[in-house]
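Heads up: the sequence lines are chains A and B, in that order.
When the first sequence is numbered by the working numbering, its final residue is 746 and no position is left out of the sequence of numbers.
When the second sequence is numbered by the working numbering, its final residue is 743 and no position is left out of the sequence of numbers.
By construction, the Cβ of each residue, glycine as well, lies at the ideal position given by its N, Cα and C atoms.
Note that the structure is a prediction, hence the values are computed from the model and not measured.
To keep things clear, I will list the structure first and then write my remarks on it.
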Amino acid sequence: MFKVLKVFVLGGVTLFFSMLPAWAEDAPQAQAAPQAQEAPKAQEAPKAQEAPKAQEAAKGQGKGLDEQVQEIKTDVLSIAAELNQLEEKLIYPSDTQLAVFVSVAKGEKFRLDAVKIEVDGKTVAHHLYTHKELEALQKGGVQRIYVGNVRTGEHALKVTSLGKTEGGSDFQKDESFKVAKNVGPKMVGVVLASTGIGSKPITVKDW
Amino acid sequence: MARLMLILGCLLLAVPALAANPYTAKGLKDVFYGEALYEAFQGEWFDAIARLDTELGQHRRLDEPTLDPLNYHLDQAEFGVGDFELGYRMHLRAGRAISAVVEGNFADPVRNEAIYRLARLYFQEGQPADALQALQRMRGTVPEPVRDDVQFLRGEILLASGRFPEAAKAFKDLQKAKNLEGFAGYNLGIALIKERKEQDGRQYLDRAGQILAKTPEAQAIRDKSNLVLGYKLLDENAGEKAKLVLERVRLSGPFSNRALLGAGWSDASRGQYERALVPWSILAEREVTDPAVQEAMLAVPYAYGKLNIYGKAAGLYGRALDSFGKEADKLGASIKSVQDGKFLKALAREEMKLDADWVVKLRTLPDAPETHYLLELMTSHEFQDSLKNYLDLNEMRQKLARWETDLDAFEDIIKQRRGYYQPLLPEIDRAFRQLDSQMRLRMEQRERIRKRLKAMLVEPRPDNLATGEERIARERIAHLEQALAAGGTAPAETRERIARLKGVLLFNISTEYDQRLTDAYKDLHDLNVEVDRLKKQYDSFVRTRQAATQSYQGYDDAIRGQRSRIASAKETVKDLMTRQGAVLEAMAVDELTRRRERLEQFKVTARFAIADSYDRATKAQNEASTLKAPAGTAEKSDKTGKAFDKAADKAADKAADKTADKAADKAADKAKAASGQAPADTAPDSAASKETGVAPKVPVPLMPVNVPLTPVNAPVTKVDNPVAATAQTEKSVGK
Numbered sequence: 540m541f542k543v544l545k546v547f548v549l550g551g552v553t554l555f556f557s558m559l560p561a562w563a564e565d566a567p568q569a570q571a572a573p574q575a576q577e578a579p580k581a582q583e584a585p586k587a588q589e590a591p592k593a594q595e596a597a598k599g600q601g602k603g604l605d606e607q608v609q610e611i612k613t614d615v616l617s618i619a620a621e622l623n624q625l626e627e628k629l630i631y632p633s634d635t636q637l638a639v640f641v642s643v644a645k646g647e648k649f650r651l652d653a654v655k656i657e658v659d660g661k662t663v664a665h666h667l668y669t670h671k672e673l674e675a676l677q678k679g680g681v682q683r684i685y686v687g688n689v690r691t692g693e694h695a696l697k698v699t700s701l702g703k704t705e706g707g708s709d710f711q712k713d714e715s716f717k718v719a720k721n722v723g724p725k726m727v728g729v730v731l732a733s734t735g736i737g738s739k740p741i742t743v744k745d746w
Numbered sequence: 009m010a011r012l013m014l015i016l017g018c019l020l021l022a023v024p025a026l027a028a029n030p031y032t033a034k035g036l037k038d039v040f041y042g043e044a045l046y047e048a049f050q051g052e053w054f055d056a057i058a059r060l061d062t063e064l065g066q067h068r069r070l071d072e073p074t075l076d077p078l079n080y081h082l083d084q085a086e087f088g089v090g091d092f093e094l095g096y097r098m099h100l101r102a103g104r105a106i107s108a109v110v111e112g113n114f115a116d117p118v119r120n121e122a123i124y125r126l127a128r129l130y131f132q133e134g135q136p137a138d139a140l141q142a143l144q145r146m147r148g149t150v151p152e153p154v155r156d157d158v159q160f161l162r163g164e165i166l167l168a169s170g171r172f173p174e175a176a177k178a179f180k181d182l183q184k185a186k187n188l189e190g191f192a193g194y195n196l197g198i199a200l201i202k203e204r205k206e207q208d209g210r211q212y213l214d215r216a217g218q219i220l221a222k223t224p225e226a227q228a229i230r231d232k233s234n235l236v237l238g239y240k241l242l243d244e245n246a247g248e249k250a251k252l253v254l255e256r257v258r259l260s261g262p263f264s265n266r267a268l269l270g271a272g273w274s275d276a277s278r279g280q281y282e283r284a285l286v287p288w289s290i291l292a293e294r295e296v297t298d299p300a301v302q303e304a305m306l307a308v309p310y311a312y313g314k315l316n317i318y319g320k321a322a323g324l325y326g327r328a329l330d331s332f333g334k335e336a337d338k339l340g341a342s343i344k345s346v347q348d349g350k351f352l353k354a355l356a357r358e359e360m361k362l363d364a365d366w367v368v369k370l371r372t373l374p375d376a377p378e379t380h381y382l383l384e385l386m387t388s389h390e391f392q393d394s395l396k397n398y399l400d401l402n403e404m405r406q407k408l409a410r411w412e413t414d415l416d417a418f419e420d421i422i423k424q425r426r427g428y429y430q431p432l433l434p435e436i437d438r439a440f441r442q443l444d445s446q447m448r449l450r451m452e453q454r455e456r457i458r459k460r461l462k463a464m465l466v467e468p469r470p471d472n473l474a475t476g477e478e479r480i481a482r483e484r485i486a487h488l489e490q491a492l493a494a495g496g497t498a499p500a501e502t503r504e505r506i507a508r509l510k511g512v513l514l515f516n517i518s519t520e521y522d523q524r525l526t527d528a529y530k531d532l533h534d535l536n537v538e539v540d541r542l543k544k545q546y547d548s549f550v551r552t553r554q555a556a557t558q559s560y561q562g563y564d565d566a567i568r569g570q571r572s573r574i575a576s577a578k579e580t581v582k583d584l585m586t587r588q589g590a591v592l593e594a595m596a597v598d599e600l601t602r603r604r605e606r607l608e609q610f611k612v613t614a615r616f617a618i619a620d621s622y623d624r625a626t627k628a629q630n631e632a633s634t635l636k637a638p639a640g641t642a643e644k645s646d647k648t649g650k651a652f653d654k655a656a657d658k659a660a661d662k663a664a665d666k667t668a669d670k671a672a673d674k675a676a677d678k679a680k681a682a683s684g685q686a687p688a689d690t691a692p693d694s695a696a697s698k699e700t701g702v703a704p705k706v707p708v709p710l711m712p713v714n715v716p717l718t719p720v721n722a723p724v725t726k727v728d729n730p731v732a733a734t735a736q737t738e739k740s741v742g743k
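In structure tokens:
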């Protein structure tokens, strides 16, 4: 009784499989073919896997949508540019503006962990570096670490850097400088280098 | 492994060549340009474009742009802005920026590099004809760093255009290019196969599959070559050769799962199921969401079945069924979760962006099951484009919201400044006007003195330099002389004294004239120093006064304008985010549904295979009993057989719902108890099981992962931004 039922079930399932597109070729052939030939037949790539409908739809929709996204990016970039100018004019007018930029000397491989900037004895910036930021500096990028306002005249600038040398030992270096602020924005570049003998680890220059 | 796949995708991309860094090669002279690079090197495209755009705009407005430090970097900056826009997926603007260089008056190498980038852009955007046309505009010297890349791109374009012989020629010329090793060979192989030069093509694929690869990208292309060649050989029933080729694929690489699956099939195709079990068993233990792993979970019991170890096969089918059931449930929950919007929230998680492998991490987020099955989808070009657009929109939404707050702060600052300065300024202005008039007067006096001194250089006027006392004395002498002249009487001695005094006075004035003139000039010079100091103070006051007014006047219109623009942009971004999110959700649901349907098929297969395994086990048992048992025990045997059937059916039903292997073991144990023999799965080497090696009525339907013959993009350069890079993963190697 059970066996008869099983035969029906097996037959039904076989029929079901023969209707499935991917198995349509495999099942009947495999039944008849010798064992050794079954596997390669079964491996035949399924007929071109149907691309998901949504992905197809997305392609069509995406094109127009993508262009609209590009347009809004242009708009937002333009807003950003104007806001930057507005901010600079309003908060850091050129008469009083002092900006400090950090860069790493060419070819330096030390690990920079943090930089602290003090102007006239006050800490104005303390930045901890991520790996990405350090890489960007090592590739030649320049980081604007501080922008603020000072009176015209001479100011004390102290730079402290912390990190690890290429050899793996910790270092902390600080240097003090005098910065003369005239009419017009003052751009001070701080260049960091390794602590090798005879080389200065921290130097400043005017940009 | 998935992480490797992503890393590979990142490395293979032909997106801006920032790692090679041509931007700072000749030193840095413009700090703002350096600042833009700092942002770009971190993949912060928005800030990089905003900064460089502003800088370029200011440079163009200068009367003498050659004096601007940016002039030194102008070529790189023009390229840079195009590159950054490409990184930020602003292809329309990037194309325009690069076209401007192409059309501009630049030297051949610069122009040719721009043409190369433009062609690459066209090609990425699916416009091979335009890309080829652009490349044909090259003339003169092509810069050395991109020479091979230009040729490789030409080959890719020709391949994409169906011009296989020309593509093959282009790739053949690159066989010695070190940075394209493996890639040129692979593409050459593909081009030759498409050209119907099957043997030649395979030869190059074989060669690309044996390169000495050190870099991750070279190792990946070597694996890919072996995978493609291996599956081609499998298609042709060359199992032995296929196995050798597939075994070259690394066990931990992005193609290892498919290679293991193929390696198993190459053994199985030769009837060596025991050997096939080795790669399949390794594969079956890997991440269950991978299609190849799911297939291996069916392939392993299939192989046991072929080895007549039906109990073990049934158990493993049961386990597969259980696993598929759980995964299907998970997929169902995921679809619901996606539809509830949780998928988009998971994608936009801030912490994910801090990790370069964030797409891979999505698969293991404990509270975001909707992301677990989407790695494959996430590496597809369409999904990546949509995803990045969505993330960019999300970032813009946040920026716009922040800017609105900034504007509030600006207005607050202005209000405070107005409140402080407005009452003070009238009094300050009044005092200033008074001082200003005094200053003007003194300045006029000083000017007069200067003029007189200047005139005395030409026409000496000693009288002008007489001291006050001398003037008084001269006055008095003149007065006395007048009195005498008017008829006054005085002794001759007095008259002589007056004359002598007058003479002394004149003598002193005349002889000391030069010294006095010099002293007067010195005094004027000293006065100039004071006047300059005064002028500085005056200018400083004027500037401060002006700055005070400017600190709160003239911003209202600008802020109002920005507010309106931000509000409008916010609306647009919100709308686009909704639409883009819907596209992403639809793609995710579609993918999850497809995977669930596939699992459902697998479940049906596993269920059927369990029943089939028990059927075969019973049959084998019966045959063994018939052969071994004496005639008197036939009835007992029949009963035992029925008991086994019952137990097996029960187990199959249970397995469909729950842990199949437990049920199978139970069934086998029951059968063992009834028949007094060892269960099938514990006696794989028994003579009975070997003798009953009949083919299953319905084979386990397995779907090998298709490895289409797609060309790969060469790793023109490495990129820094993995998120940006993944867009090309599928194009490069993933298909």
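- Counting only residues of its own chain and dropping the five nearest sequence neighbours on each side, Leu-166 (chain B) has a CB closer than 7 Å to the CB of Glu-174, Ala-175 and Ala-178.
- Ranked by Cα distance from Ile-630 (chain A), the first of B:Gln-183, B:Gln-558 and B:Leu-161 is B:Gln-558.
- In the structure shown, the three-state DSSP call for Glu-647 (chain A) is coil.
- Rounded to the nearest angstrom, the Cβ distance from Ala-271 (chain B) to Lys-251 (chain B) is 6 Å, consistent with a contact under 8 Å.
- In the DSSP annotation of this structure, His-81 (chain B) is not part of any beta strand (DSSP E), being labelled neither H nor E.
- Taking a contact to require three or more Cβ pairs closer than 8 Å, the region 324-340 of chain B and the region 611-618 of chain B qualify as touching.
- Looking at A:His-670, A:Ile-656 and A:Lys-671, the one whose alpha-carbon comes closest to that of Ala-664 (chain A) is A:Ile-656.
- When Cβ pairs closer than 8 Å are counted between the two stretches, the region 714-730 of chain A is seen to touch the region 685-701 of chain A, the count reaching three or more.
- Of all residues in the region 662-696 of chain A, those with a C-beta nearer than 8 Å to a C-beta of chain B are Lys-671, Glu-672, Glu-674, Ala-675, Leu-676, Lys-678, Gly-679, Gly-680, Val-681, Gln-682, Arg-683 and Thr-691, reading in chain order.
- The region 309-361 of chain B is shown to contain whole alpha helix (DSSP H) runs of 4 or more residues at 318-347, 350-355 and 358-361, in chain order.
- Closest option to Ile-290 (chain B), judged by alpha-carbon separation, among B:Gln-280, B:Gly-103, B:Tyr-281 and B:Val-301: B:Val-301.
- Taking all protein chains in view, the Cβ of Ala-48 (chain B) is crowded by 16 or more other Cβ atoms within 10 Å, so the residue is classified as buried.
- Residues of the region 606-621 of chain A whose Cβ lies closer than 9 Å to any Cβ of chain B, in chain order: Glu-606, Gln-607, Val-608, Gln-609, Glu-610, Ile-611, Lys-612, Thr-613, Asp-614, Val-615, Leu-616, Ser-617, Ile-618, Ala-619, Ala-620 and Glu-621.
- Residue-level contact by beta carbon fails for Leu-731 (chain A) and chain B, as no gap is shorter than 8 Å.
- Around the beta carbon of Gly-103 (chain B), 16 or more other beta carbons lie within 10 angstroms, which makes this residue buried.
- Residue pairing by DSSP places Phe-114 (chain B) in no beta bridge whatsoever.
- Per DSSP, Gln-490 (chain B) lies in no beta strand (DSSP E) segment; the continuous alpha helix (DSSP H) that holds it begins and ends at 476-493.
- DSSP places Met-146 (chain B) outside any alpha helix (DSSP H), giving it a letter other than H or E.
- The beta carbon of Ser-700 (chain A) does not come within 8 Å of any beta carbon belonging to chain B, so the residue lies off that interface.
- Distance from the CA of Ala-555 (chain B) to the CA of Val-722 (chain A), rounded to the nearest whole angstrom, comes to 12 Å.
- Interface flag for Thr-62 (chain B) against chain A is set, since a Cβ pair is found closer than 8 Å.
- Taken in chain order, the unbroken stretches of beta strand (DSSP E) that lie wholly in the region 675-712 of chain A and span 3 residues or more are 682-688 and 692-703.
- With a beta-carbon spacing of about 15 Å, Ile-506 (chain B) and Ile-480 (chain B) fall beyond the 8 Å limit used to define contacts.
- For the region 399-416 of chain B, the beta-carbon criterion of a distance under 9 Å to any beta-carbon of chain A is satisfied by Asp-400, Leu-401, Met-404, Lys-407, Leu-408, Trp-411, Asp-414 and Leu-415.
- Distance between Glu-335 (chain B) and Asn-187 (chain B), taken at the CA atoms: about 42 Å.
- For Asp-400 (chain B), the closest alpha carbon among the candidates B:Arg-357, B:Arg-438, B:Trp-288 and B:Leu-415 is that of B:Arg-357.
- With at least 16 other beta carbons inside 10 angstroms of its own, Met-146 (chain B) counts as buried.
- Taking the Cβ atoms as the reference, Gln-609 (chain A) lies roughly 7 Å from His-99 (chain B), within the contact range of under 8 Å.
- A straight line joining the alpha-carbon of Tyr-560 (chain B) with that of Lys-423 (chain B) spans about 7 Å.
- Around the beta-carbon of Gly-495 (chain B), fewer than 16 other beta-carbon atoms lie within 10 Å, marking it exposed.
- By the neighbour-count definition (other C-beta atoms within 10 Å, threshold 16), Gln-392 (chain B) is a buried residue.
- The beta carbons of Trp-746 (chain A) and Phe-649 (chain A) sit no closer together than 8 Å.
- In the three-state scheme derived from DSSP, where H, G and I count as helix and E and B as strand, Ile-656 (chain A) is classed as strand.
- One alpha carbon belongs to Ala-307 (chain B), the other to Gly-134 (chain B), and they sit about 39 Å apart.
- If you check each beta-carbon in the region 712-726 of chain A against every beta-carbon of chain B, the ones closer than 9 Å belong to Val-722 and Met-726.
- DSSP links Thr-74 (chain B) through a beta bridge to no other residue.
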